[in-house]
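A.B. asks:
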Amino acid sequence: MRPNPTEVKRVGIVASGTIGGGWAAHFIRNGMTVKVYDPGEGAEQILRDRLSQVWHILERIGLHPDASPDNLIFTDTLEEAVADAQFVQENTPERLPIKIATFQAIDAAAPADTIIASSTSGYLMSEMAVDLKHPERCTVAHPFNPPYLMPLVEVVASPDTSEEAHQWAVDFYRANGQQPLKLNKEVPGFVADRIMEAVWREILHMIDNDMATVEEIDMAVRYGPGLRWALMGPLSVLHLGGGEGGMAHLIHQFGPSLKAPWTFLEAPELTDELANKVIDGCDRLTDGAPIKKLEAERDDLLLKLIDMLDASDLWHVGNPDAKK
Ligand SMILES: NC(=O)c1ccc[n+]([C@@H]2O[C@H](COP(=O)([O-])OP(=O)(O)OC[C@H]3O[C@@H](n4cnc5c(N)ncnc54)[C@H](O)[C@@H]3O)[C@@H](O)[C@H]2O)c1
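Per the working numbering, the sequence shown starts with residue 6, numbered consecutively.
#1: Does DSSP classify GLY22 as helix, strand or coil?
#2: Where does LYS328 fall in DSSP's three states?
#3: Within this structure, are the beta carbons of TYR153 and HIS31 separated by less than 7 Å?
#4: Please go through the same chain and pick out, in chain order, the residues whose beta-carbon is closer than 8 Å to the beta-carbon of LEU209, but skip the five residues on each side of it.
#5: Using 6 Å as the cut-off, classify the Cβ of GLY22 as near or not near the heavy atoms of ligand 1, replying yes or no.
#6: Just the Cα atoms here: how many angstroms apart are ILE103 and MET252?
#7: What beta strand (DSSP E) runs, 3 residues minimum, are completely inside the stretch 39-97?
#8: Please say whether PHE92 and ALA134 have beta carbons closer to each other than 7 Å?
#9: What does a CB cutoff of less than 8 Å around LEU83 pick up in its chain, not counting 5 residues either side in sequence?
#10: By a C-beta neighbour count over all protein chains shown, 10 Å radius and 16 as the cutoff for buried, is ARG55 buried or exposed?
#11: Given a cut-off of 7 Å, decide if VAL192 and ALA331 are closer than it, judged by their beta-carbon atoms.
#12: Please state whether DSSP places ALA316 in a helix, a strand or coil.
#13: Three or more C-beta pairs closer than 8 Å, one from the stretch 137-153 and one from the stretch 115-129: is that the case here?
#14: Just reading off the beta strand (DSSP E) that LEU245 is part of, what are its end residues?
#15: Which same chain residues, not among the five before or five after PHE195, have their C-beta less than 8 Å away from its C-beta?
#16: Taking the straight line between their C-alpha atoms, what separation do you get for PRO44 and GLU95?
#17: Cβ atoms of LEU68 and GLY26: under 7 Å apart, would you say?
#18: Could you tell me whether any Cβ in chain D is nearer than 7 Å to the Cβ of GLU249?
#19: On the premise that GLY36 lies in contact with ASP75, defined as a C-beta separation below 8 Å, what is that separation, rounded to the nearest angstrom?
#20: Could you give the first and the last residue of the continuous beta strand (DSSP E) run that contains SER131?
#21: Less than 6 Å between the CB of GLY36 and some heavy atom of ligand 1, yes or no?
#22: Return the first residue and the last residue of the alpha helix (DSSP H) that VAL192 is part of.
#23: Is the beta carbon of LYS40 sitting closer than 7 Å to the one on ILE66?
#24: How many Å lie between PRO156 and SER241 at the Cα?
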């Protein structure tokens, strides 16, 4: 029987790369036993090293009394990882044939009422759920990296997902400290990635056309819109941009400029030259610092920002259900 979303003790993780490993840390912090399957070379050691590396961050967020690295169990097969799981998070590479095969294997091996969630960044559940016995318990649950810190999870149902399963997944993520966004419509790219992709396209065009460097673009966002977006959403920010007249004033003032050809909108050709310009620029920008060091700095700053949001009423802007 499906447990109450607040009482899950056993989680199965399929694939433990950047995202699956981050989920494993998140569920372990929440006191659960996490069984992980990943056929990658050295995957177990990589995950154990990562867990010890971020343990101090998990402590700072707050450990459940049962939280322990000993609750991480690596399995030799996918079936062992999910056979007695009360919840499964799928995190295989973003390739549709892999997602389809993985969902079929999990569906066959997990208990019939266990919810199975996919971390996919863009596939729809209706594309990944092919010939499943129980498609009604499958949903997309798209996290942000690193999932043990980033609150948002986009929980996107397919037309086959039951409302009960969809709501259960939302309640489960919320019970474990996240901000689930429940989406009933299967929109490609969901909400956040559609916005990020539009920004990414413009960034690539600006670099391709030598309009701005990697350094200039990062600085512009970091000290400009990024700061405000971190505190409110883009729409609340624009609402304030309209002064006393709010969004109504802003729409009328800036509406006509929407027709000005500021942006490209179409994706640029991702040539080797463009790719190298972006890659070299990022190396320059970060002074070639090791990724592990940059991740540790990012985690520290993110946690400070989240603590600040937690302590503020602004956290509730637009989301009356938000945790406090
Ligand atoms: N990286 C991000 O920022 C991010 C954010 C949100 C969602 N996602 C999504 O999460 C998923 C995983 O992405 P990632 O960045 O962690 O990838 P990754 O390359 O870091 O990890 C993929 C892992 O899958 C394992 N794997 C490969 N084939 C497998 C199989 N058949 N069965 C089980 N494990 C297998 C690999 O060994 C590897 O450890 C993708 O769907 C991606 O779109 C990624």
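Note that CB positions come from ideal geometry on N, CA and C, so glycine has one too. This structure is a prediction, so every number in the text was calculated from the model and none was measured.
C.D. replies: The structure says:
#1: coil
#2: No answer about LYS328 holds up, because its pLDDT of 48 lies below 50 and its placement is not dependable.
#3: yes
#4: ALA272, PRO273, LEU275, LEU279 and VAL283
#5: yes
#6: 44 Å
#7: 77-79 and 92-95
#8: no
#9: VAL19, TYR42, THR107, ALA110, ILE111 and ALA114
#10: buried
#11: The structure shown does not extend to residue 331, since the chain spans only 6 to 329, so no value can be given for it.
#12: coil
#13: yes
#14: That residue, LEU245, is in no beta strand (DSSP E); its alpha helix (DSSP H) goes 239-246.
#15: GLY127, VAL145, HIS147, GLU159, VAL161 and LEU188
#16: 14 Å
#17: no
#18: Going by chain labels, chain D is absent from the structure shown, which holds only one protein chain.
#19: Not quite, the Cβ-Cβ distance comes to about 12 Å (not below 8 Å), so this is no contact.
#20: Segment 130-133 is the alpha helix (DSSP H) holding SER131; no beta strand (DSSP E) there.
#21: no
#22: Unbroken run through VAL192: none, as it is neither H nor E.
#23: no
#24: 19 Å
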